[in-house]
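Novice: Can you read through this structure? Questions will come right after.
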Amino acid sequence: MIKRLHHFFRDNRGVTVAAFAVVIPIVIAVTGVAVDMSRAYMVKKRLGQSLDAAALATAGSSGTEDELESRMQAYFYKNFEDGNIGTIQELDWDPQDQEIRIWATARVETTFMRIWGHNHIDAYAEVTVQKELRGIEVALVMDNTGSMGAYNNIGALRDAAASFVDIMFDRAPSPEVIKIGLIPYSTSVNIGRYGLGQ
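In structure tokens:
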């Protein structure tokens, strides 16, 4: 009996099959997790790129907060096709005077990890863009020839110019960054030495 037991423990036939049976499920599990995680990483990267595009487009625009939010969403969804590689769970922003912060969360459905009860992975990304306005120079060349006297054209021109100036200063972060010149003319304009760069 002892001899048979000794023979049994020394016999290594079939060990490879047993080891293979133990290792294969682990290899499949690790590979599956890697596939799902790499998909989530791709979605996170795409999410960041879409937020970059939306933030840059919004920071360089003017308008009301609702208009800017609509523009931000339009640029984001143009770059991130919702439901294609992931489903957007959250898209929000925090507009400030000098910066815009946008963040989003996308849900990625898993293929292999759902075996262990993980049906999805949430990918999150956030960007912040600094707004900078170095300066705007505008010249309003106003026609005050005789033809502008008909039908109160000169009055409409004055109102339009005043409205334009109000809009420019209302939307500027500070009045120092805007320079507006008014040039009335009837037949010709003398721009002087400054206009000639002398």
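Heads up: the sequence shown is residues -13 to 184, going by our numbering.
Quick reminder that beta carbons are idealized off the backbone N, C-alpha and C, glycines included.
Quantities reported herein were computed from a predicted structural model and do not represent experimental measurements.
So is Ile153 buried or exposed if we call it buried at 16+ other beta carbons inside 10 Å?
Specialist: As a working note, residue 153 is residue 167 in the sequence shown. Exposed: under 16 other Cβ atoms inside 10 Å.
Novice: Rounded to the nearest angstrom, what separates Gln184 and Tyr61 at their Cα positions?
Specialist: Here residue 184 corresponds to residue number 198 of the sequence shown, with the count starting at 1. Here residue 61 corresponds to residue number 75 of the sequence shown, with the count starting at 1. Reliability of the predicted coordinates at Gln184 is poor, the pLDDT of 48 falling under 50, and the value obtained from them is presented with this limitation in mind. When rounded, the distance between both Cα atoms is 45 Å.
Novice: Tell me which residues share the same chain as Gly167 and place their Cβ nearer than 8 Å to its Cβ, disregarding the 5 neighbours each side in the sequence.
Specialist: Numbered from 1 along the sequence shown, position 181 holds the residue referred to as residue 167. Excluding positions up to five away in sequence, the list reads Glu123, Val124, Ala125 and Leu126.
Novice: Using CA coordinates, which residue listed in Gly46, Asp156, Tyr137 and Phe150 is at the minimum distance from Pro81?
Specialist: Taking the sequence shown and counting its residues from 1, one reaches residue 81 at position 95. With distances taken between Cα atoms, Pro81 lies closest to Gly46.
Novice: Going along the chain, which residues of its own chain have a beta-carbon closer than 7 Å to the beta-carbon of Ala117, five neighbours each way excluded?
Specialist: Residue numbering aside, residue 117 sits at position 131 when the sequence shown is read from its first letter. Here residue 117 turns out to be Lys, not Ala, going by the sequence shown. Correct list, in chain order: Ala45, Gln84, Glu85 and Ile86.
Novice: Specify the secondary structure class of Glu55 as computed by DSSP and reduced to three states.
Specialist: For the purposes of this step, residue 55 is taken as residue 69 along the sequence shown, with counting starting at 1. It is helical.
Novice: Can you tell me whether Val9 is buried or exposed? The criterion is at least 16 other CB atoms within 10 Å of its CB, across all chains shown.
Specialist: Stepping through the sequence shown from its first residue, residue 9 is reached at position 23. So Val9 counts as exposed.
Novice: Could you check whether the region 36 to 45 touches the region 100 to 109, counting it as contact only if at least three pairs of C-beta atoms, one from each stretch, sit closer than 8 Å?
Specialist: Counting Cβ pairs under 8 Å, fewer than three are found: no touch.
Novice: Excluding the 5 residues flanking Met23 on each side, which residues of the same chain have their C-beta closer than 8 Å to its C-beta?
Specialist: Within the sequence shown, the letter at position 37 stands for residue 23. Once the five neighbours on either side are set aside, the close Cβ partners of Met23 are Ile107.
Novice: Hey, Ile169 and Met128 are a contact pair by Cβ (cut 8 Å); roughly how many whole angstroms apart?
Specialist: On the sequence shown, residue 169 is found 183 positions in, with the first residue counted as 1. On the sequence shown, residue 128 is found 142 positions in, with the first residue counted as 1. Indeed, because the Cβ distance is near 7 Å, the residues count as touching under 8 Å.
Novice: Go through its chain and collect everything with a Cβ distance to Arg93's Cβ below 7 Å, but skip five positions before and after it.
Specialist: The sequence position of residue 93 within the sequence shown is 107, counting from 1. Here the set comprises Gly72, Thr73, Gln75, His106 and Asp108.
Novice: Distance, Cα to Cα, Tyr63 vs Arg57?
Specialist: Start at 1 with the first residue of the sequence shown, and residue 63 comes out as number 77. Start at 1 with the first residue of the sequence shown, and residue 57 comes out as number 71. One C-alpha to the other measures close to 10 Å.
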